[in-house]
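Just below is one structure, and these are the notes that go with it.
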Amino acid sequence: MTETKNIDAIYLHIPFCDKKCEYCDFCTFVKMEREYQKYTDYLIKEIRMHPKYEYDTIYFGGGTPSLLTIEMLASIMGELKYKENSEITLELNPYDMSFEKLKQIRELGINRLSIGIQSFQDHVLKFIGRQHSGEEAIQVFKDARKAGFDNITIDLMFGIPNQSLDDLKKDLKKILEISPNNVSIYSLIWEEGTIFWSKLQKGILSEIDQDLEAEMYEEIIDFFEKNGYCQYEISNFARIYDKDVEVYKVKNFEDLKKLQKNAGKHNLKYWRNKEFVGVGMSAAGYFDGERHSNVRTFRKYYASIDKDEFPVDENSIEIVDKEEKIKLERMLGLRLIQEGIEYFEDERVEKLLKDGLIEKVKFEKGIDTRIRLTKKGMLLANNVFIEFV
Ligand SMILES: C[S@@+](CC[C@H](N)C(=O)[O-])C[C@H]1O[C@@H](n2cnc3c(N)ncnc32)[C@H](O)[C@@H]1O
Ligand code: SF4
14 MTETKNIDAI YLHIPFCDKK CEYCDFCTFV KMEREYQKYT DYLIKEIRMH
64 PKYEYDTIYF GGGTPSLLTI EMLASIMGEL KYKENSEITL ELNPYDMSFE
114 KLKQIRELGI NRLSIGIQSF QDHVLKFIGR QHSGEEAIQV FKDARKAGFD
164 NITIDLMFGI PNQSLDDLKK DLKKILEISP NNVSIYSLIW EEGTIFWSKL
214 QKGILSEIDQ DLEAEMYEEI IDFFEKNGYC QYEISNFARI YDKDVEVYKV
264 KNFEDLKKLQ KNAGKHNLKY WRNKEFVGVG MSAAGYFDGE RHSNVRTFRK
314 YYASIDKDEF PVDENSIEIV DKEEKIKLER MLGLRLIQEG IEYFEDERVE
364 KLLKDGLIEK VKFEKGIDTR IRLTKKGMLL ANNVFIEFV
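Be aware that the sequence shown starts at 14, since it is given in my numbering, and climbs by one per residue.
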């Protein structure tokens, strides 16, 4: 693997959690405190295998990166070169998070938090195996603001078997109490190999009704639209500051920038199909015309790095040639509700337009330059994406 250009985004995977949530299939391990230091050391070695890029977005994901000690996080940060106004995000589980630690994390230069709240309803949290209550999550959010984090995104989930439409409405209302800059809200995915998956196989759990799930998603879209958030991606909503941008659906890149000021800059790069470096077990990376992800066991991860080789899982490598790149740009870009993708003449596009799943939009200089999902298209997004595979 050779890297020549400048890459400005890096994802760092921290594969540790206190307890495994029943729905989650991320590469993460519990009760591994004894591994934290060694893993940190190897992560640093892997960072050093890449050119010393100047990053403008850095993302600590997991697992639960907030479990690492301040010293460990500081040593990783010390390895990274970044621009002055870079967005540096760390994922955090509200369980067992003190104000003191939040302050120390902020002092490291980390300026954005992604807090995994999932729900504010205690019975839902208990059901999915979380260790914190709704109130505790709110307290951590408030502490984070006090600790100096003026950019916070939260994760919520819907479509959970014991979650009613009313529970979801209550969750949405709570958002207004804390006013996060960004909200990511995903419907539950039944991942093979999770505890939820085996409960589904055994008939202990069942999926929620599809109509209810669609109703929940519509409720979410309407709620954010009415409450000053801009839906910029299928599952992401950014709080709008600029009162001068009145139109909900923007028509030019200038307004878009204002509207999306609170959007996650790092994730926007994924959807815009920009290149990024990924370090740590299971981390995905994309550069030099190749997408790949790293190995998922400590043994393989350490062994590759000891041999001074990138710890890439050979089976994960996908070559991204010119044709594939265009395909990816279209598939990922269509997730972006406001900006969509550049219009192109094609039978499939015309059919989707006719069916009302996408719309053409005069984005610049009064000509139809872009296409993007309509509300109907958002509800049937998979039917749209499949056309571009
Ligand atoms: C790495 S976790 C966030 C940080 C921390 N580990 C936590 O859970 O609080 C990433 C997010 O992915 C979402 N997620 C994980 N598994 C999911 C699933 N099976 N379906 C939908 N969302 C899921 C959750 O919202 C979670 O907050
Ligand atoms: S959802 Fe977060 S805390 Fe729960 S197991 Fe997955 S990564 Fe860990």
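Using N, Cα and C, we set each Cβ at its ideal position, and we do this for glycine too.
Coarse secondary structure for residue i, derived from DSSP in three states
i: H145; result: coil
i: A394; result: helix
i: I118; result: helix
i: N280; result: helix
i: Y36; result: coil
i: A296; result: coil
i: S111; result: coil
i: R285; result: coil
i: D54; result: helix
i: A22; result: strand
i: M170; result: strand
i: I151; result: helix
i: Y66; result: coil
i: T102; result: strand
i: F42; result: strand
i: R304; result: strand
i: V402; result: coil
i: K183; result: helix
i: R125; result: strand
i: F162; result: coil
i: E97; result: strand
Near ligand 2: residue i beta-carbon under 7 Å from a heavy atom
i: K139; result: no
i: K33; result: yes
i: G129; result: yes
For residue j and residue i, the rounded distance between their alpha carbons
i: E16; j: D179; result: Confidence at E16 is low in this model, with a pLDDT of 48, below 50, so the placement of that residue should be treated as unreliable; the coordinate-derived value is given next. If you take the alpha carbons of E16 and D179, they lie about 51 Å apart.
i: A87; j: M391; result: 41 Å
i: D135; j: N175; result: 11 Å
i: E113; j: I253; result: 30 Å
i: S146; j: I60; result: 36 Å
i: T387; j: L366; result: 9 Å
i: F42; j: F401; result: 36 Å
i: G369; j: N396; result: 12 Å
i: D2; j: G302; result: A query on residue 2 cannot be resolved here, the shown segment of the chain reaching from 14 to 402 and no further.
i: K278; j: D21; result: 11 Å
i: V260; j: E352; result: Low confidence applies to V260: its pLDDT is 45, below 50, so where it sits in the model is not reliable, and the reading given next is rough at best. Looking at the two C-alpha atoms, the distance is approximately 14 Å.
i: E67; j: E92; result: 11 Å
i: T166; j: R158; result: 12 Å
i: T310; j: L169; result: 28 Å
i: E48; j: N194; result: 34 Å
i: A82; j: D224; result: The question names Ala, but residue 82 is Thr in the sequence shown. Straight-line Cα distance between these residues: approximately 44 Å.
i: Y36; j: I208; result: 6 Å
i: Y314; j: K320; result: 10 Å
i: R343; j: S111; result: 42 Å
i: G122; j: T70; result: 12 Å
i: D184; j: E231; result: 15 Å
i: T53; j: I89; result: 7 Å
i: K187; j: E246; result: 21 Å
i: N249; j: S197; result: 5 Å
i: V290; j: N265; result: 30 Å
Outcome for residue i when other beta-carbon atoms lying within 10 angstroms are tallied against a minimum of 16
i: I101; result: buried
i: Q214; result: exposed
i: A316; result: exposed
i: I192; result: It should be pointed out that residue 192 corresponds to Ser in this sequence rather than to Ile. When all chains shown are included, S192 counts as exposed.
i: G74; result: buried
i: F357; result: exposed
i: E327; result: exposed
i: N307; result: buried
i: S132; result: buried
i: G161; result: exposed
i: R361; result: exposed
i: L189; result: exposed
heavy atom of ligand 1 below 7 Å from residue i C-beta
i: I202; result: yes
i: N395; result: no
i: E104; result: yes
i: T77; result: yes
i: Q176; result: no
i: M170; result: yes
i: Y49; result: no
i: C30; result: yes
i: F266; result: no
i: F13; result: Outside the displayed range of the chain (14 to 402) lies residue 13, so it cannot be described from this structure.
i: G369; result: no
i: G293; result: no
i: Y199; result: yes
Near ligand 3: residue i beta-carbon under 7 Å from a heavy atom
i: F154; result: Of the ligands one can find in the structure shown, namely ligand 1 and ligand 2, none is ligand 3.
Practice task
May I have a chain-ordered list of the beta strand (DSSP E) segments no shorter than 3 residues that lie completely inside the segment 192-260?
Solution key: 195-200, 242-246, 249-252
Exercise for the section: Enumerate, from N- to C-terminal direction, the unbroken alpha helix (DSSP H) stretches of 4 or more residues contained entirely within the segment 314-398. Expected result: 335-346, 360-367, 388-392, 394-398
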